[in-house]
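These notes are about the structure you will find just below.
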Amino acid sequence: MRLDAGYALAVATLHHQGGFARGWEPAECAALIADSAVAADGVFNGGSSHPDGFVISRKAADEAEILSIVVASARRRDGFGRALLAAHLARLAEQGANRVFLEVEEGNVAAERLYRHFGFREVGRRKGYYPKPDGTRATAIAMRLDLA
Ligand SMILES: CC(C)(COP(=O)(O)OP(=O)(O)OC[C@H]1O[C@@H](n2cnc3c(N)ncnc32)[C@H](O)[C@@H]1OP(=O)(O)O)[C@@H](O)C(=O)NCCC(=O)NCCS
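Residues 1381 to 1528, numbered by our numbering, are exactly what the sequence shown covers, in order.
See below:
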């Protein structure tokens, strides 16, 4: 389901559960979601009005880049990530995206597996891309999916 800027706080809260070195603040999430080039989707459990996960992409011409995807810590490994990404990729395709790009930290097995499930393949590596909380830097794996 599409998320509007009213979900900015929920998105920021979920993003903080993602374990990223730099968290997103609610105002930043609101600005992102309100951007017409951005597509944001949430996954909801049963009739809940509170998302258990979100995914956000930025579109440019016929390409899109997944900026972040997070499922609530307590809801992981239950298919929410897959459901979220399936709906999101369908929407991106509907909106004219032919290629989708993303970066994932080397060693993030869950995310890499999720992306490979949808056919994303590795197209490059960027050493030292991600700052880690312990001061070291991790390699990013760049991935691409052709939708058309
Ligand atoms: C990545 C993430 C969104 C996956 O969400 P999820 O709801 O747990 O994923 P699903 O239950 O739909 O599982 C999707 C696939 O990942 C695999 N997977 C999920 N968690 C895993 C884990 N801890 N270890 C190994 N594989 C895992 C599943 O087996 C499944 O694989 P398959 O499609 O080959 O069967 C979730 O782990 C998360 O929020 N992580 C923290 C944030 C993050 O790293 N985001 C990605 C940044 S690039």
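Beta carbons: idealized from backbone N, C-alpha and C, even for Gly.
Looking at the unbroken alpha helix (DSSP H) that takes in Thr1516, where does it start and where does it end? Run containing Thr1516: none; DSSP gives neither H nor E here.
Check whether the Cβ atoms of Glu1523 and Arg1506 sit closer than 8 Å, and answer yes or no. Correcting the residue identity first, residue 1523 is Met in this sequence and not Glu. The criterion of a C-beta distance shorter than 8 Å is not satisfied by Met1523 and Arg1506.
Those runs of the beta strand (DSSP E) which lie wholly inside the region 1429 to 1488 and span at least 3 residues: Within the region 1429 to 1488, complete beta strand (DSSP E) segments of at least 3 residues are found at 1431 to 1440, 1443 to 1451, 1479 to 1485, given in chain order.
Start and end of the alpha helix (DSSP H) containing Glu1408? Note, Glu1408: alpha helix (DSSP H), 1406 to 1414.
Got a sec? Which residues, its chain only, sit under 6 Å from Tyr1509 by beta carbon, not counting five neighbours each side? Excluding residues within five positions, the ones whose Cβ falls inside 6 Å are Ala1520.
Who are the near neighbours of Ala1463 in its chain, counting only those whose CB is closer than 8 Å to its CB and skipping five residues on each side? Only Val1423 meet the Cβ criterion.
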